[in-house]
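Letter 368 of the sequence shown, counting from 1, is numbered 391 in this note's numbering, and no numbers are missing.
Note that the Cβ used here is the ideal one computed from N, Cα and C, for glycine as well.
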Amino acid sequence: MALVVQKFGGTSVANPEKIKAVTERVLSYSKKGDQMVVVLSAMAGETNRFVDLAHQMQKMPDPREYDVLLSTGEQVTVALFAMAIKEAGFDSVSLLGDQVKIRTDSMHTKARIVSIDSDLIQKHLAENKVVVVAGFQGITDDGDITTLGRGGSDTTAVALAAALKADACEIFTDVEGVYTTDPCICSVAKKIDRISYDEMLELASLGAKVLDIRSVSIAKTYKVPVHVRSTFTENEGTWVVEEDENMESKPVTGVAYNKNEARITISKVPDRPGSASKVFTPISDAGIVVDMIIQNTRGGDLTDMTFTVPRTEYDKAMQIIDSVVSDIGAEGATGSKDIAKISVVGVGMRNHAGIASTMFSVLSREGVNILMISTSEIKVSCVVEEKYTELAVRSLHEAFGLDDKTQAIVEEN
Ligand code: ADP
Ligand code: ASP
Ligand code: MG
């Protein structure tokens, strides 16, 4: 008898028929004697609908109320799911974040899980119930509802698997696993059989939304092997696991893109100690995560500072920057939302030279101008104009030998 945590995303529970189909799949495990904990997302499109509704009420929706609203989508699916299980003649219980005591910090709209009390789930499992938990939501010590950030049901599932010391954690979605790039924009993308936590962390943080980044970081910390697979087939998917030697043989494992970025430039910032701190402290106090930062000296003790923020936080960041500009004696701030970050990722980069230069040559050959660059041990990222996203992803995918039957061309330094 195994304890299995399975998470089903929005497209897997998009309507009553799909919910019934998923219950059958879950019950096939229960019938073998496995203890089942099921984590569900809201029906596909529901969370977006709530976001739209919220913006019809307030230009910048109040974060506490936003979470109260967004958490309702998962309440619907868990209740329907438990009903479908009972209709099939088995016992089940639906539980919300506060009932499971998924405690989070109070950073509304992107709260972090602090602790989970697994006692209630264990009690229901011991009573042979399929336990159905609402993903994406938690509760603060003050009793306020929080949400974990878009895609956060993955995080609920992996955190529960860690807390319950589950034998398996399976993330069911609308593709067959983790691919070399988003199969929706590159038809020759290949399914990866095994990927390391570190590579998956990079891919997720760089835009591959197939797994929420926080779910991967919890999986890495608690050594939870995660199986990402399709709801609609029985095929083996991708295992996200600890690194092994075979993973280093290829220089690049995957290509990711992120269109949820915006760029802000503050021009003619006086080049003196404290300027950067005056810019970035209020941004970070507002809970906005800055990604790339570039500072260019202009001469005459002036610099330009360019940085990127999530596109959803652009208006808030601009408001803050507008008030900081005069304080630091800068000339002004401009910004653009029409950018995308394209990244190549692979643990093999550690011992293959020339990845960055190949990336730059490919983009130049395709006429794509690079606006910003950043690198780390296992990734190279370039910010480009958003309209070049698909072109850039497909040409890099081909150039690094990720398409079927192509050979990697890597220019040596
Ligand atoms: P769910 O609703 O099941 O959580 P998501 O929409 O969050 O599903 O994630 C699955 C989607 O992630 C896929 O449909 C695919 O378009 C996208 N995706 C982006 N990059 C990748 C990748 N490298 N591998 C697989 N899917 C990816
Ligand atoms: N329903 C939430 C979202 O759409 C959480 C999730 O699906 O993981 O972001
Ligand atoms: Mg998701």
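Between which two residues does the beta strand (DSSP E) holding residue i run?
i: D361; result: 355-368
i: L63; result: 58-63
i: T288; result: 277-293
i: T398; result: 395-399
i: E69; result: Not the beta strand (DSSP E): E69 falls in the alpha helix (DSSP H), residues 69-80.
i: L118; result: 115-118
i: K402; result: 402-408
i: T261; result: 261-264
i: S210; result: Careful: S210 lies outside any beta strand (DSSP E) and carries neither H nor E.
i: H375; result: First-last for H375: undefined, no H or E at that position.
Just the C-alpha distance for residue i and residue j, rounded to the nearest angstrom, thanks.
i: M130; j: T169; result: 8 Å
i: N258; j: V137; result: 34 Å
i: I362; j: R87; result: 30 Å
i: S307; j: V313; result: 8 Å
i: R126; j: E97; result: 17 Å
i: M341; j: A191; result: 44 Å
i: L467; j: M80; result: As shown, the chain starts at 24 and ends at 436. That puts residue 467 outside it, with no answer to give.
i: V156; j: E271; result: 37 Å
i: V347; j: M328; result: 13 Å
i: L50; j: T100; result: 17 Å
i: G56; j: K152; result: 11 Å
i: V36; j: T132; result: 23 Å
i: R373; j: K402; result: 10 Å
i: S418; j: S228; result: 21 Å
i: R72; j: D267; result: 42 Å
i: S298; j: R388; result: 38 Å
i: D121; j: T34; result: 25 Å
i: S399; j: G371; result: 13 Å
i: A187; j: M24; result: Sequence check: residue 187 is Leu here, not Ala. Straight-line Cα distance between these residues: approximately 14 Å.
i: E150; j: T412; result: 51 Å
i: V332; j: K282; result: 11 Å
i: Y89; j: T46; result: 30 Å
i: V123; j: I139; result: 7 Å
i: A67; j: S404; result: 30 Å
i: R334; j: I311; result: 10 Å
i: I208; j: E284; result: 18 Å
i: E222; j: Y245; result: 17 Å
i: A445; j: N269; result: For residue 445 there is no data in the structure shown, the boundaries of the chain being 24 and 436.
i: K30; j: S210; result: 26 Å
i: Q430; j: I215; result: Interpretation of Q430 is limited by its pLDDT of 46, a score under 50 that renders its predicted location unreliable; the figure taken from the coordinates is listed afterwards. About 17 Å.
i: P305; j: P39; result: 46 Å
Please state if the CB of residue j and the CB of residue i are separated by a distance shorter than 8 Å.
i: Y220; j: A212; result: no
i: K134; j: G161; result: According to the sequence provided, residue 134 is Ala. The question's Lys does not apply to it. Closer than 8 Å, so yes.
i: D294; j: D324; result: yes
i: T154; j: V116; result: Residue 154 is actually Val in this sequence, not Thr. Closer than 8 Å, so yes.
i: E193; j: T256; result: no
i: K232; j: G166; result: no
i: G112; j: S64; result: no
i: M17; j: F303; result: It is not possible to answer for residue 17, since the shown part of the chain is limited to 24 through 436.
i: V391; j: V407; result: yes
i: L224; j: K243; result: yes
i: G358; j: Y280; result: no
i: S238; j: T163; result: no
i: L5; j: I393; result: Coverage of the chain is limited to positions 24 through 436, which leaves residue 5 absent and any answer about it impossible.
i: F195; j: T254; result: yes
i: K301; j: Y337; result: no
i: A77; j: L92; result: yes
i: V181; j: R217; result: no
i: V27; j: Y52; result: yes
i: L103; j: I144; result: no
i: I343; j: A309; result: yes
i: S94; j: F159; result: yes
i: M83; j: K410; result: no
Output the boundary residues of the alpha helix (DSSP H) element that contains residue i.
i: P84; result: Counting along the chain, P84 falls outside any alpha helix (DSSP H), and DSSP gives it neither H nor E.
i: T100; result: 95-110
i: T412; result: 412-422
i: A242; result: 236-244
i: T34; result: It is not in any alpha helix (DSSP H) - T34 carries neither H nor E in the DSSP assignment.
i: M223; result: 220-228
i: R388; result: 378-388
Against chain B, with Cβ distances strictly below 8 Å, would residue i count as a contact?
i: M382; result: Structure shown: chain B not included; a single protein chain is present.
Exercise. Give, in chain order, every unbroken run of the alpha helix (DSSP H) that is at least 4 residues long and sits entirely within the stretch 123-207.
Key: 142-149, 176-187
Quiz item: Okay, do the stretch 267-276 and the stretch 358-374 touch, 3+ Cβ pairs below 8 Å being the bar?
Solution: yes
Quiz item: Counting pairs of beta carbons, one from the stretch 419-427 and one from the stretch 376-387, are three or more of them closer than 8 Å?
Solution: yes
Practice problem: Please determine if the stretch 347-359 and the stretch 286-294 are in contact, where contact requires at least 3 C-beta pairs separated by less than 8 Å. | Solution: Here the stretch 347-359 lies against the stretch 286-294, with 3 or more beta-carbon pairs under 8 Å apart.
Quiz item: Between the stretch 232-250 and the stretch 314-327, do three or more beta carbon pairs fall short of 8 Å?
Solution: no
Quiz prompt | Unbroken stretches of the alpha helix (DSSP H), 4 residues or longer, contained in the stretch 306-362 | solution = Counting only runs of 4 or more, we get 337-351.
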